[in-house]
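Start counting at 1 in the sequence shown, then tack on 5, and there's your number in the numbering used here.
Don't be surprised by glycine CBs; every beta carbon is placed ideally from N, CA and C.
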Amino acid sequence: MELTYKAIGVLNCENDKSYGAPRQAVLAKKSKGVIRLKSPITKDCIIDLQDFDRVWLIYDFHHNKSWKPKVRPPRYSQIKRSVLATRSPYRPNSIGLSCVKLDKIENLQIFISEHDLLDGTP
(Lines of atoms letter the chains of each structure in order from A; the text may use other names.)
(Lines give C-alpha, C1' and ligand atoms only; values in the text may rest on other atoms or scores of the structure.)
Protein backbone atom coordinates (compact mmCIF):
# COMPACT_ATOMS: atom_id res chain seq x y z
CA MET A 6 0.00 0.00 0.00
CA GLU A 7 1.26 3.45 -0.85
CA LEU A 8 0.07 6.67 0.80
CA THR A 9 0.54 10.18 -0.50
CA TYR A 10 -0.06 13.48 1.20
CA LYS A 11 0.43 17.14 0.32
CA ALA A 12 2.25 19.76 2.35
CA ILE A 13 -0.11 22.49 3.55
CA GLY A 14 2.68 24.80 4.63
CA VAL A 15 6.41 25.33 5.05
CA LEU A 16 8.36 26.33 8.14
CA ASN A 17 10.82 29.22 7.99
CA CYS A 18 13.34 29.43 10.83
CA GLU A 19 17.04 29.88 11.60
CA ASN A 20 17.88 26.15 11.89
CA ASP A 21 19.24 25.29 8.46
CA LYS A 22 21.60 22.42 9.35
CA SER A 23 20.54 19.15 10.94
CA TYR A 24 23.61 19.02 13.19
CA GLY A 25 22.61 22.35 14.77
CA ALA A 26 18.98 21.46 15.43
CA PRO A 27 17.88 20.44 18.94
CA ARG A 28 17.28 16.72 19.55
CA GLN A 29 13.79 17.41 20.90
CA ALA A 30 11.38 20.32 20.78
CA VAL A 31 11.27 20.53 24.58
CA LEU A 32 15.01 21.31 24.60
CA ALA A 33 14.61 24.20 22.14
CA LYS A 34 13.29 26.96 24.40
CA LYS A 35 14.71 29.80 22.25
CA SER A 36 13.89 28.48 18.77
CA LYS A 37 11.33 30.46 16.80
CA GLY A 38 9.74 29.95 13.41
CA VAL A 39 6.87 30.83 11.11
CA ILE A 40 4.74 28.28 9.30
CA ARG A 41 3.49 29.81 6.06
CA LEU A 42 0.34 27.98 5.03
CA LYS A 43 -0.74 27.57 1.43
CA SER A 44 -3.79 26.57 -0.58
CA PRO A 45 -6.16 24.88 0.09
CA ILE A 46 -5.78 26.10 3.69
CA THR A 47 -7.81 29.21 4.55
CA LYS A 48 -8.21 31.29 7.70
CA ASP A 49 -11.32 29.27 8.54
CA CYS A 50 -9.13 26.15 8.84
CA ILE A 51 -6.97 27.63 11.60
CA ILE A 52 -8.99 30.31 13.41
CA ASP A 53 -9.72 28.16 16.48
CA LEU A 54 -6.06 27.20 16.93
CA GLN A 55 -5.59 30.52 18.74
CA ASP A 56 -7.34 28.96 21.75
CA PHE A 57 -4.37 26.62 22.32
CA ASP A 58 -0.93 27.12 23.84
CA ARG A 59 0.66 24.18 22.01
CA VAL A 60 -0.04 22.37 18.74
CA TRP A 61 1.11 19.10 17.19
CA LEU A 62 2.95 19.43 13.89
CA ILE A 63 3.06 16.52 11.48
CA TYR A 64 5.89 17.12 9.05
CA ASP A 65 8.27 15.52 6.59
CA PHE A 66 11.96 14.87 7.31
CA HIS A 67 12.71 16.36 3.89
CA HIS A 68 16.51 16.07 4.16
CA ASN A 69 16.46 12.33 4.77
CA LYS A 70 17.07 10.20 1.72
CA SER A 71 17.75 6.82 3.34
CA TRP A 72 17.35 4.82 6.53
CA LYS A 73 18.83 1.83 8.35
CA PRO A 74 17.14 -0.77 10.56
CA LYS A 75 19.63 -0.12 13.40
CA VAL A 76 20.86 3.30 14.60
CA ARG A 77 23.03 4.71 17.38
CA PRO A 78 20.96 7.07 19.57
CA PRO A 79 22.97 9.99 21.01
CA ARG A 80 22.90 8.81 24.62
CA TYR A 81 23.73 5.19 23.73
CA SER A 82 26.27 5.82 21.01
CA GLN A 83 28.08 2.50 21.54
CA ILE A 84 24.95 0.37 21.18
CA LYS A 85 22.86 0.16 18.02
CA ARG A 86 19.10 0.12 18.60
CA SER A 87 16.14 -0.75 16.41
CA VAL A 88 15.20 2.37 14.47
CA LEU A 89 11.53 2.17 15.50
CA ALA A 90 12.57 2.07 19.18
CA THR A 91 14.27 5.47 18.82
CA ARG A 92 13.47 9.05 17.83
CA SER A 93 15.83 8.84 14.87
CA PRO A 94 14.73 10.96 11.90
CA TYR A 95 16.11 8.27 9.55
CA ARG A 96 13.05 6.02 9.37
CA PRO A 97 11.32 3.86 6.75
CA ASN A 98 8.79 6.69 6.28
CA SER A 99 9.95 10.27 6.66
CA ILE A 100 7.06 11.45 8.84
CA GLY A 101 7.82 13.41 12.01
CA LEU A 102 5.72 14.66 14.92
CA SER A 103 6.52 17.53 17.31
CA CYS A 104 4.55 19.36 19.97
CA VAL A 105 5.45 23.06 19.64
CA LYS A 106 4.48 26.27 21.39
CA LEU A 107 1.92 28.37 19.51
CA ASP A 108 2.83 32.05 19.84
CA LYS A 109 0.34 33.73 17.51
CA ILE A 110 -1.54 33.49 14.23
CA GLU A 111 -1.54 36.23 11.60
CA ASN A 112 -3.46 35.62 8.40
CA LEU A 113 -2.05 32.34 7.03
CA GLN A 114 1.07 32.42 9.19
CA ILE A 115 1.46 30.44 12.40
CA PHE A 116 4.23 31.74 14.66
CA ILE A 117 5.75 28.99 16.80
CA SER A 118 8.58 28.47 19.26
CA GLU A 119 10.17 25.57 21.14
CA HIS A 120 10.57 23.53 17.95
CA ASP A 121 13.23 21.13 16.69
CA LEU A 122 12.65 21.53 12.95
CA LEU A 123 14.76 22.75 10.04
CA ASP A 124 14.16 25.70 7.73
CA GLY A 125 12.07 24.65 4.75
CA THR A 126 10.38 21.75 6.55
CA PRO A 127 7.07 20.93 4.86
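Contact the stretch 79-88 vs the stretch 103-113: 3+ CB pairs below 8 Å: Because the criterion of three Cβ pairs below 8 Å is not met, the stretch 79-88 and the stretch 103-113 do not touch.
contact_flag[the stretch 90-106, the stretch 52-62] where n(CB pairs < 8 Å) is 3 or more: Output reads yes: the stretch 52-62 touches the stretch 90-106.
Whole-angstrom C-beta distance between residue 42 and residue 115, which should lie under 8 Å: Looking up residue 115 in the sequence shown gives position 110. Looking up residue 42 in the sequence shown gives position 37. Approximately 7 Å separates the beta-carbon atoms of residue 115 and residue 42; this is inside 8 Å, confirming the contact.
Residue 92 vs residue 72 beta-carbon contact at 9 Å: Against the sequence shown, residue 92 aligns to sequence position 87. Against the sequence shown, residue 72 aligns to sequence position 67. If you check the CB distance, residue 92 and residue 72 do not come in under 9 Å.
Cutoff 6 Å; reference residue 40; Cβ partners in own chain excluding five residues on either side: Taking the first residue of the sequence shown as position 1, residue 40 is located at position 35. Around residue 40, the same chain offers 14, 16, 115 as residues with beta carbons nearer than 6 Å, after the five sequence neighbours per side are excluded.
Where the alpha helix (DSSP H) through residue 48 begins and ends: What you label residue 48 is simply residue 43 of the sequence shown in a count that begins at 1. Counting along the chain, the alpha helix (DSSP H) containing residue 48 begins and ends at 48-51.
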